[in-house]
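Residue numbers (our numbering): 14 to 535.
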């Protein structure tokens, strides 16, 4: 009898040990969820003090670490996204422009990316939505075991359903890259139609600014709803199969096309919106799309843009909520590293501009939201440590205990956020750049490659453009970047310090292009 009882105890201990091994195995391989937005200005989110109530994104922030000093590597889609997966700045990985005729060569199977490394370690790696980093959007990177593309698959489905096939119904249709979307344009914008059509007559994409408004489709017809549902389904299947997963859900909004369906279009009364306080023109960008759009809109048109932008952000937050709910239902919320961010920001009316189609480095489009949630390592906090999109690779691979061989420009953020490393050892500067593509569309940086660069520390920001123009801002006393003090000699030492930091960074990251012209540094 005693021997049977003893054997039973041994059996229980054995089962317990096996369960412990399973738990430890899961902890060794935490799931990874990257929630990407396109062209999201952090100042729209309520967790960053913005006007749009975003309770689901706010939840990630309140249960994780919200970074307040995060920057894109470049305010441009493909280059910044390539930085996310490689841990390198655009002038290092060579994808310096959006994929297309100017940038023909993108990320290939030869690049050591986060997804590739995790896939090699047994992760099921998935990418849903806009990625925009491969050389050919139809030739997916093979380590994405499940990929759904905005540029081809979704557009094809919508055309097959007849939802984006032009119908002569007496209403407006926006031609967005040769796909037609049914919209309802506000009376004010219709009144300006003749003027706007004349203003944009020379541009192939003139429908973008002229026909923004209410999307005449159901909210579930827009791709961001489909992406959320794909993510929910993939989480459910991965948990069922006991597979560790890495999912990148790359939402389109609040990037153009600037329309939203009901009920989101009516959520924000344009007459009650507070217009940006930084609408101070800088003549350098007068010919940019960003400035021309606001000039064409007028104040009422800008309000219409803002109500649509805010509606898209709210739409997005609701989809984030779907995903969080599924993680919770499946019991893997706390076993999943969640990173929420954007590839770059949007001018959102600041400095008399919208979108990102200008060459500036204003905070509105260079700065980004960046939030990390992983309760096994990180306590809820707000951190001002300088953060860049290049840090994502090192950070994800650190949490998943995955080794990598190629050098990266980014740092592992986790030790600084846990207190393992003193903040005095953290990076002191943030960098952002815009690199001109070479004539053959390759990833090679040539000796005559032109670059514009931004560097900032806790208080000051320096911008040096490839044409020789320089700007210097005291962000503590001029947070809206309205006073260029580059020629104020009383700031010589501060300018010299940041010029030196830029020079050192360019040397450390092996800048091969044209020499940068400094104000004081010889």
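Glycine residues also receive a C-beta, built at the ideal position from the N, C-alpha and C atoms.
Using only CA atoms, which one of the options lies nearest to residue i?
{"i": "residue 330", "options": "44, 74, 487", "result": "74"}
{"i": "residue 139", "options": "274, 463, 508, 244", "result": "244"}
{"i": "residue 208", "options": "310, 249, 126", "result": "310"}
{"i": "residue 56", "options": "357, 237, 235", "result": "357"}
{"i": "residue 512", "options": "236, 470, 452", "result": "470"}
{"i": "residue 371", "options": "308, 153, 303", "result": "303"}
{"i": "residue 123", "options": "336, 99, 116", "result": "99"}
{"i": "residue 445", "options": "83, 49, 67", "result": "83"}
{"i": "residue 78", "options": "203, 393, 234", "result": "393"}
{"i": "residue 483", "options": "463, 531, 233", "result": "531"}
{"i": "residue 439", "options": "398, 421, 164, 119", "result": "398"}
{"i": "residue 481", "options": "297, 505, 363", "result": "297"}
{"i": "residue 69", "options": "62, 233, 334, 274", "result": "334"}
{"i": "residue 458", "options": "96, 108, 101", "result": "108"}
According to DSSP, which residues form a beta bridge with residue i?
{"i": "residue 102", "result": "None; residue 102 has no bridge partner."}
{"i": "residue 147", "result": "120"}
{"i": "residue 472", "result": "DSSP, once it has assigned bridges, lists no residue as partnering residue 472."}
{"i": "residue 446", "result": "466"}
{"i": "residue 349", "result": "44"}
{"i": "residue 355", "result": "50"}
{"i": "residue 84", "result": "380, 401"}
{"i": "residue 228", "result": "196"}
{"i": "residue 186", "result": "195"}
With 16 other CB atoms within 10 Å as the buried threshold, where does residue i fall?
{"i": "residue 290", "result": "exposed"}
{"i": "residue 396", "result": "buried"}
{"i": "residue 128", "result": "buried"}
{"i": "residue 216", "result": "exposed"}
{"i": "residue 464", "result": "buried"}
{"i": "residue 121", "result": "exposed"}
{"i": "residue 525", "result": "exposed"}
{"i": "residue 246", "result": "exposed"}
{"i": "residue 167", "result": "buried"}
{"i": "residue 165", "result": "exposed"}
{"i": "residue 450", "result": "buried"}
{"i": "residue 274", "result": "buried"}
Between residue i and residue j, how many whole angstroms is the CB-CB distance? I'm expecting something under 8 Å.
{"i": "residue 359", "j": "residue 54", "result": "5 Å"}
{"i": "residue 314", "j": "residue 272", "result": "About 14 Å separates the two Cβ atoms, so there is no contact after all."}
{"i": "residue 178", "j": "residue 170", "result": "Residue 178 to residue 170, Cβ: 12 Å. No contact."}
{"i": "residue 228", "j": "residue 194", "result": "7 Å"}
{"i": "residue 48", "j": "residue 351", "result": "7 Å"}
Is there a Cβ of chain B sitting closer than 7 Å to that of residue i, yes or no?
{"i": "residue 145", "result": "Any reference to chain B falls outside this structure, which holds one protein chain only."}
Over the uninterrupted beta strand (DSSP E) stretch that includes residue i, give me the two end residues.
{"i": "residue 142", "result": "137-142"}
{"i": "residue 161", "result": "159-161"}
{"i": "residue 260", "result": "258-267"}
{"i": "residue 386", "result": "383-386"}
{"i": "residue 79", "result": "78-80"}
Which first and last residues belong to the alpha helix (DSSP H) in which residue i is found?
{"i": "residue 340", "result": "302-342"}
{"i": "residue 412", "result": "404-412"}
{"i": "residue 52", "result": "Counting along the chain, residue 52 falls outside any alpha helix (DSSP H), and DSSP gives it neither H nor E."}
{"i": "residue 209", "result": "206-212"}
{"i": "residue 379", "result": "376-379"}
{"i": "residue 490", "result": "First-last for residue 490: undefined, no H or E at that position."}
{"i": "residue 506", "result": "505-521"}
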